[in-house]
Amino acid sequence: MTIVDLQSGPLSLRVSSKGGLVLGFWKEADVGRVPLLRPAPSAEADALSSSCYPLIPFGNRVKGNRFAFEGIEYRFEPNTKWDKHYLHGEGWQADWSINGQTQTSVEMSFLHRGGNTPYAYRASQGFVLNDASLTMTLTVENLGERAMPFGLGWHPYFPMTPETTLQARSEKFWTEVDEWLPGERTDIPVDLDFSKPAELPHRWVNNGFEDWNGEARIAWPERRTALRLSADPIFKHAFVFVSDTAFDPNFECDYFCFEPMTHLANGHNLPDLGGLKVLGPGGHLSGSVRLHPENI
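Residue numbering for the sequence shown follows our numbering, beginning at 1166 and increasing consecutively.
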C-alpha cells in the first residue's frame, strides 16, 4: 500500500493505492482546515470508511447477479460478505499500482481478469490538484475477447452538518425495492428535489437520479464553504445515499453520498443498458469530475 499526499495552494489531497481510495480532501480557510470530503479515520481505512472510491467496470448492482448480452448469459459472484450481489466492481477492493506522481498529481492503475466477474479490463485513475480545484479522471479499457457494457463512477462521502444543502438538477427518480435494488422510474419526491438548494433528509435514502445535468453544489454555511462539482457529459446520472442506524448502528448523520455515474443501477437489465457503453475488444471509456471549493 502506498499513500500519496498532494498539495497546491490552499488545497490538499491524500490518496491510497489500496482500493484507489481518496482518504481526504481539504481546504485551508479563515475558519481553519475545512474537509471537503469526509476524512478517512486512518491511512489504513477501507473503502467504506474512506473519502471516495472508484466504481469500475460499473457501479451498483445487477439484479440476480446475471444479465444477457448479445445472446450470452453472464453471471457474477458476490464480492462482499454482507451483500448477495456483486457490488461496485473491483476497483474499490483492488491493489492499484502508482504509475507516476508529482507534488500536485498522481496516476494509478490495475489490471483485472477472472474472479467474481466475466469482465477483463485495465483501469486507470488520475488525480490532478491545482490552487482552485481537484480533477479526478477514470478510464477503463476492455481487455476481453467480446464486446461488453461498461460504466464508470465514483462514490464520494461528503460531510453533512446541520446546515448542509445540496443542489443538483435531475429529471427522474428511481425507487428502491428489496435487496437495495432499483424499482421503477418516477417523479422526484418533494423532499428529494435538489433542483434548488435543499437540506438532506435525516432518513434512509438510496436512490438513483436520472438525467442529471452534470452540475452539483454542496454548501456548508456554518463553515462558510461550498463545493461545486462539474462532471463530463458522460456522467448523466447520479446516486444519493443517506444511511441510518438500522444499516449502520454507528451512523451519526454526519455524511451523505452524491455519486456521479455514467449509467443507471441495474443498467445491464434495462432495454437501453441504462447508459452503459458497449466497448469492443480494446475499446476505451473515460470521464472526469472536477471539484471546486468556494467561499460563501
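Cβ coordinates follow ideal geometry from the N, Cα and C atoms, glycine included.
None of these values were measured; they are calculated from a predicted model.
For Asp-1170, does the three-state DSSP call read helix, strand or coil?
strand
How many whole angstroms separate the CB atoms of Cys-1422 and His-1320, which I take to be in contact at a CB cut-off of 8 Å?
6 Å
Consult DSSP for Gly-1256 and reduce its assignment to one of helix, strand or coil.
helix
What do you reckon, are the CB atoms on Thr-1326 and Ala-1363 nearer than 8 Å?
no
Cβ atoms of Tyr-1218 and Pro-1324: under 8 Å apart, would you say?
no
From the DSSP output, read off the bridge partner residues of Thr-1330.
Glu-1364 and Ala-1384
Taking the alpha carbon of Phe-1315 as the reference point, which residue from Glu-1209, Gly-1174, Ser-1451 and Val-1187 has its own alpha carbon closest?
Ser-1451
So who's on the other strand from His-1457, going by DSSP bridges?
Arg-1393
Residue burial classification, Ile-1168 (beta-carbon count within 10 angstroms, cutoff 16)
exposed
Quick one: any contact between the region 1294-1313 and the region 1206-1213, if contact means 3 or more CB pairs under 8 Å?
no
Which partner residues of Tyr-1286 appear in the DSSP bridge assignment?
His-1277 and Asn-1307
Measure the alpha-carbon distance for Thr-1267 versus Val-1180 and round it to whole angstroms.
13 Å
Quick check: Gln-1290 and Trp-1247, are their CB atoms within less than 8 Å of each other?
no
Report the start-end ranges of each beta strand (DSSP E) in the region 1183-1236 that is 3 residues or longer and not cut off at the edges.
1186-1194, 1197-1200, 1217-1220 and 1231-1234
Return yes when the Cβ of Arg-1278 is within less than 8 Å of the Cβ of Ala-1285, no when it is not.
yes
If you check the beta carbons only, do Phe-1374 and Asp-1352 fall under 8 Å apart?
no
How far does the beta strand (DSSP E) with Thr-1351 in it extend, from its first residue to its last?
1346-1351
Using a Cβ-Cβ cut-off of 7 Å (strictly less than) and excluding sequence neighbours within five positions of Leu-1317, which residues of its own chain qualify?
Leu-1220, Ile-1221, Leu-1303, Val-1305, Thr-1427, Leu-1450 and Gly-1452
Among Glu-1328, Pro-1386, Gly-1440 and His-1433, which residue has its Cα nearest to the Cα of Ala-1403?
Gly-1440
Report the three-state DSSP secondary structure of Asn-1264 (helix, strand or coil).
strand
With DSSP as the reference, identify every bridge partner of Thr-1410, one or two as the case may be.
In the DSSP output, where bridge partners are listed per residue, Thr-1410 has none listed.
Please list, in chain order, all residues of the same chain as Ala-1411 whose beta carbon is under 8 Å from its beta carbon, the five residues on each side excluded.
Trp-1369
Which term fits Met-1166, buried or exposed, when burial requires 16 or more other beta carbons within 10 angstroms of its beta carbon?
exposed
Measuring CA to CA, which of Leu-1365, Leu-1444 and Met-1273 is closest to Glu-1235?
Leu-1444
Are the beta-carbon atoms belonging to Ser-1360 and Arg-1334 less than 8 Å from one another?
yes
By the DSSP assignment, the beta strand (DSSP E) with Leu-1178 in it spans what residues?
1176-1181
With a threshold of 16 other CB atoms inside 10 Å of the CB of Ile-1149, please say whether the residue is buried or exposed.
Because the chain spans 1166 through 1461 in this model, residue 1149 falls outside it and cannot be assessed.
Following the continuous beta strand (DSSP E) through His-1320, name the residue where it begins and the one where it ends.
1318-1324
Given this structure, state the Cα-to-Cα distance separating Leu-1276 from Glu-1459, to the nearest angstrom.
37 Å
At what residues does the beta strand (DSSP E) containing Val-1370 begin and finish?
1370-1375
Please determine, among Lys-1401, Tyr-1322 and Arg-1455, the residue with the shortest C-alpha to C-alpha distance to Ser-1216.
Tyr-1322
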